[in-house]
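All residue numbers for the sequence shown refer to the numbering used here, where the first residue is 13 and numbers rise by one.
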Amino acid sequence: MSKKLIIANWKMSPSTYAKAETLFLATLAAARKLSRVETVVCPPFPWLTDISHKYKKSISFGAQDVFWEEGGAYTGEVSPTMLKGSGVKYVIIGHSERRLYLQETDEMINKKMLAALRAGLVPILCVGEWTRKGRPWKWIKNFVRKQLAEDLRGIAKIAGGSQKIVVAYEPVWAISTFGGGPDKPEDSLKIIKFIKGILDSRFQIPDSKVIYGGSVNAKNAVDFLKYPDVEGALVGGASLRAGEFGKILSEANLINAKPSL
Ligand code: 13P
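Okay, structure coming up:
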């Protein structure tokens, strides 16, 4: 059974390097004990480069964004090769907070996906509907299908077909800061299976993982991760509490030791 992928998205926290390093070291201590989980830490850019240089190879690192050009006059942007050179393996692309606050479009997200893959990064593409209120499943599936079609356009041609990607199904309303509470595990499982079907049939991506994000915490992680099709979790708020994140990691490690459902 492959390792569950548990990703800490620290978003724009903690506020100082000292706090970030303390959180990182506590996370690392919990992650190091576990052999059946891949832990990925995604700090904000300034802490990411400092920590990834200092603690090279101790854990997988991810960036929270990337630009699609390799260099030039793009004030404020960071290229895929810069990330790769800083020891970064993963990059979150198309997070709903960037779609919302930075007006990132599917076209921009697609360019970022292609650039990340070309540089040998593993993109973590975030998809998910804004609301479910009054919407039939058909609407939700169409929403996610359209995001995948636009965000993944042309990726089959990259890297000779050997690309790796992660898709995070993150219903926007379920993100803790939006206040909706976590999705019902069986409902997200339904969409995750739907996403896997699209990845297999339409994009033939040889190496992909589909994970869940949205108000994952130490109490509910097992309810999602117990399904073999839910191959990991993208964790926001709870990843800032090292003790709680450590519990999520050990739950994931335990589940993976059990035979498939
Ligand atoms: P929460 O875990 O705080 O709901 O955040 C989810 C998220 O946006 C991770 O990318």
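The beta carbon of each residue, even a glycine, is placed where N, CA and C say it ideally should be.
- When the alpha-carbon of L266 is set against those of A250, L46, V103, Y67, the nearest one is in L46.
- Out of G88, G84, S98, the CA that lies nearest to the CA of G74 is found in S98.
- Taken through DSSP and simplified to helix, strand or coil, D118 comes out as helix.
- Every beta strand (DSSP E) stretch that sits fully inside the segment 39 to 109 and reaches 3 residues is listed by chain position as 49 to 54, 72 to 75, 102 to 105.
- Here K221 really is in contact with E243; their C-beta atoms are around 4 Å apart, less than 8 Å.
- A residue is called buried when at least 16 other Cβ atoms come within 10 angstroms of its Cβ; E263 meets this threshold and is buried.
- Secondary structure in the segment 173 to 253: the beta strand (DSSP E) runs of 3 residues or longer, each lying completely within the stretch, are 176 to 181, 219 to 225, 244 to 247 in chain order.
- Contact between L112 and V103 fails: their C-beta atoms lie close to 19 Å from each other, not under 8 Å.
- Distance from the CA of I71 to the CA of L40, rounded to the nearest whole angstrom, comes to 7 Å.
- Leaving aside the five residues that flank G193 on each side, the residues in its chain whose CB is nearer than 8 Å to its CB run, in chain order, A186, S227.
- Closer than 8 Å to some heavy atom of ligand 1: that describes the Cβ of I187.
- The DSSP-derived three-state label of K16 is strand.
- Distances from the CA of A128 to each of S108, K101, Y29 were compared; the closest alpha carbon is that of K101.
- Taking 8 Å as the cut-off, the C-beta of S227 counts as close to a heavy atom of ligand 1.
- Judged by beta-carbon spacing, T51 lies within the 9 Å limit of I18, meaning their Cβ atoms are closer than that value.
- Counted as a single uninterrupted DSSP element, the alpha helix (DSSP H) harbouring I152 occupies residues 149 to 163.
- Within the chosen limit of 8 Å, ligand 1 reaches the beta carbon of L246 through at least one heavy atom.
- Judged by DSSP secondary structure, I136 falls within the beta strand (DSSP E) whose first and last residues are 134 to 139.
- Between ligand 1 and A250, a heavy atom-to-CB distance of less than 8 Å is present.
- V234 and A245 have their C-alpha atoms roughly 10 Å apart.
- The closest CA to that of R44, considering only D118, S91, K69, is found on K69.
- A contact is defined here as three or more CB-CB pairs under 8 Å, and the segment 112 to 127 fails this definition with respect to the segment 203 to 212.
- The alpha-carbon of E116 is positioned some 20 Å away from that of W22.
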